[in-house]
Amino acid sequence: MRISFAERMKGMKGTSVRNKLFDDPMLISFAAGKPEGKLFPADELIPSVIEILQRDYQEALQYSDTEGIPDLRSLIAEQRMREAGVRTTADRITLTSGSQEGIEMSAKIFVNPGDVIICENPSYVGAYSAFEAYQPSYVGISLDEDGMKMDELEQALKAHPEAKTIYTIPDFQNPTGIVMSDERRRRLAQLAAEYEIPVIEDCPYGDLYYDGDRHPAVKSFDEEGWVIMLGSFSKIFCPGFRIGWVCAEPQILEKYILCKQSSNLQCSTLDEKIAAEYMRKFDLNTHIEEVRAVYRGRRDRMLECIEKYLPSGVRYTKPHGGFFVWLELKEEIDGGELLIEAAREAKVGFVQGGGFFTGPGHENYIRLSYSFVDEEQIEEGMRRLGLLLKKYY
């Protein structure tokens with residue numbers, strides 16, 4: 002068949018997180034950055050679903066507002082945004098199909114072919130997938146233990162006045178697990194206003210802190226409306242609902258609503274009502290505390306196993322929250338080739354690191370996720386990975 006596809010399809014490719022190697026049921030996989038299904042609050046949700054369908058099934062199964070039902074948007078503003086230190090109202094919230102849709106719509110709204118997106122380097126591989134259809138170029142900003150380097154960011158803003166947006170994951174960043182300091186968050190909001198450039202603050206992990214307290218969102222330091230915050234229930238509640246949200250100024254938010262109308266009209270009315278019912282009847286923060294305790298234990302076990310089983314030359318981050326540990330291996334090790342060997346011979350999986358960077362190279366990095374693997378499997382999987390890596394050290 003001779004089919005003429007749009008030019009934008011040339012740059013689009015599958016994400017490394019969805020690798021066929023991970024389909025092996027015998028694999029201990031540290032690849033999936035997803036929550037533990039056993040932690041979903043099914044006992045509370047099942048009666049709520051039945052009650053909603055019995056009480057107002059005609060409304061629950063019908064179309065609703067593109068921006069989402071007012072009840073849920075109000076609850077998000079009052080509960081989730083307040084937890085992040087952001088004072089806002091329902092009219093500054095619109096719902097999305099997970100934060101992934103918010104990332105894609107951000108590119109649709111701000112980016113023309115060839116435009117510059119400034120982002121952390123490395124950054125979320127799924128964001129690159131969302132951006133690629135709009136054919137941007139990237140300027141990567143280095144990270145240290147306090148997150149994106151603000152001096153390097155300011156240099157990039159001076160060198161690229163044409164840049165359209167800054168994309169950041171300040172909380173327990175994907176893939177590194179690094180958290181941006183409060184001082185840098187404040188500075189990022191200041192730079193956005195000074196250079197008049199929108200910041201896309203992607204915040205799926207902010208509530209998943211295991212040491213200390215929650216950090217205030219970059220949005221909380223935003224005095225002029227340049228920060229657009231993307232939130233999500235996927236990591237803290239139930240990803241199958243596919244409910245995320247955008248918090249932004251009205252003149253920006255209306256563009257997201259237009260994008261939503263042109264693609265899928267709205268999120269699921271039933272799912273929105275279930276989430277709102279849960280948040281009215283139960284304390285979502287109590288549920289989040291329970292899942293934090295589980296993930297904290299898995300994080301601790303993985304870090305212990307890195308010390309116990311992996312060669313001493315492996316460098317790694319020590320995250321204070323989120324789902325990921327980021328490993329830097331010997332420069333001559335190719336993470337893609339190592340993954341094939343690990344999956345076939347050791348029956349262990351991870352995500353190769355090269356795809357998280359804005360440019361080529363960096364193949365000697367791998368990302369490990371501990372969120373979907375119990376502590377016993379973490380122990381065994383890391384033992385297998387350690388035996389494999391010792392061949393290279």
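Residue 13 in the working numbering sits at position 12 of the sequence shown, and the numbers go up by one each step. Cβ coordinates follow ideal geometry from the N, Cα and C atoms, glycine included.
Residue of the options minimising C-alpha distance to residue i
| i | options | result |
| --- | --- | --- |
| R293 | D208, T270, A61 | D208 |
| I201 | G323, R187, G213, V219 | V219 |
| R243 | K11, I77, S269 | S269 |
| K236 | S372, E68, G362 | S372 |
| S98 | D183, G354, Y393, L266 | L266 |
| F234 | G226, Y279, F222, S263 | Y279 |
| D301 | L158, I94, V349, Y210 | Y210 |
| T95 | N113, L73, E376, V87 | L73 |
| K39 | E291, T359, Q156 | E291 |
| M383 | H216, V315, Y64, L254 | V315 |
| K165 | E197, E377, T287, L390 | E197 |
| V349 | L389, I334, D335 | L389 |
| L330 | R281, E376, L285, K391 | K391 |
| E377 | A7, I29, I4 | I29 |
| E338 | E364, Y317, T359, G323 | E364 |
| S313 | Y58, Y394, V180 | Y394 |
| H288 | F6, F41, K11, P26 | F41 |
| E155 | E332, P240, R185, F6 | R185 |
Beta carbon of residue i nearer than 8 Å to that of residue j
| i | j | result |
| --- | --- | --- |
| Y366 | L328 | yes |
| A128 | Y168 | yes |
| P176 | F357 | yes |
| H321 | G232 | no |
| M106 | C260 | yes |
| E45 | F238 | no |
| G34 | F351 | no |
| M230 | L189 | no |
| M13 | E102 | no |
| V87 | S182 | no |
| V117 | E163 | yes |
| S100 | P205 | yes |
| G354 | G336 | yes |
| Q80 | L304 | no |
| A277 | L76 | yes |
| P71 | V112 | no |
Identity of the residues DSSP links to residue i by a beta bridge
| i | result |
| --- | --- |
| T95 | V247 |
| T166 | I118 |
| E329 | R316, Y366 |
| E146 | Answer is none; E146 lacks a bridge partner. |
| D1 | Nothing in the structure corresponds to residue 1, since the chain is present only between 2 and 394. |
| Q353 | I367 |
| L231 | D203, V247 |
| I29 | V349 |
| Y139 | I118 |
| G322 | Y210 |
Euclidean distance between Cα positions of residue i and residue j
| i | j | result |
| --- | --- | --- |
| I104 | D147 | 23 Å |
| A85 | I275 | 23 Å |
| K319 | G178 | 7 Å |
| S49 | Y139 | 45 Å |
| G298 | L311 | 19 Å |
| C120 | I142 | 6 Å |
| R368 | F173 | 13 Å |
| M2 | R9 | 20 Å |
| L158 | P199 | 12 Å |
| P171 | K309 | 30 Å |
| Y135 | G115 | 8 Å |
| S130 | S124 | 11 Å |
| T359 | G245 | 26 Å |
| V374 | A344 | 16 Å |
| Y64 | P26 | 39 Å |
| D223 | R56 | 41 Å |
| K11 | N122 | 23 Å |
Neighbourhood of residue i by C-beta distance below 7 Å, restricted to the same chain and skipping five residues each side
| i | result |
| --- | --- |
| K256 | I110 |
| E225 | A194 |
| T89 | A78, M82, C248 |
| G69 | T95, L96, C268, E273 |
| E380 | R302, C306 |
| Q262 | T67 |
| G387 | Y310, L311 |
| V228 | A190, A193, V200, E202, V219, K220 |
| I334 | N365, Y393 |
| R215 | E84, G207, D208 |
Cβ-based neighbour list, residue i, same chain, cut-off 8 Å, excluding 5 preceding and 5 following
| i | result |
| --- | --- |
| A61 | I53, L54, T270, L271, K274 |
| L93 | According to the sequence as given, residue 93 is Arg; it is not Leu. Answer for R93: A78, C248, A249, E250, P251, L254, listed in chain order. |
| H161 | V117, I119, V140 |
| Y58 | none |
Minimum Cβ-Cβ distance from residue i to chain B less than 8 Å
| i | result |
| --- | --- |
| F358 | You won't find chain B in this structure, because it holds only one protein chain. |
Residues near residue i by beta carbon distance below 6 Å, same chain, minus five either side
| i | result |
| --- | --- |
| P217 | G86 |
| D145 | none |
| T323 | At residue 323 the sequence reads Gly, which differs from the Thr that was named. Cβ neighbours of G323 beyond the five flanking positions: F173, G178, Y206, L209. |
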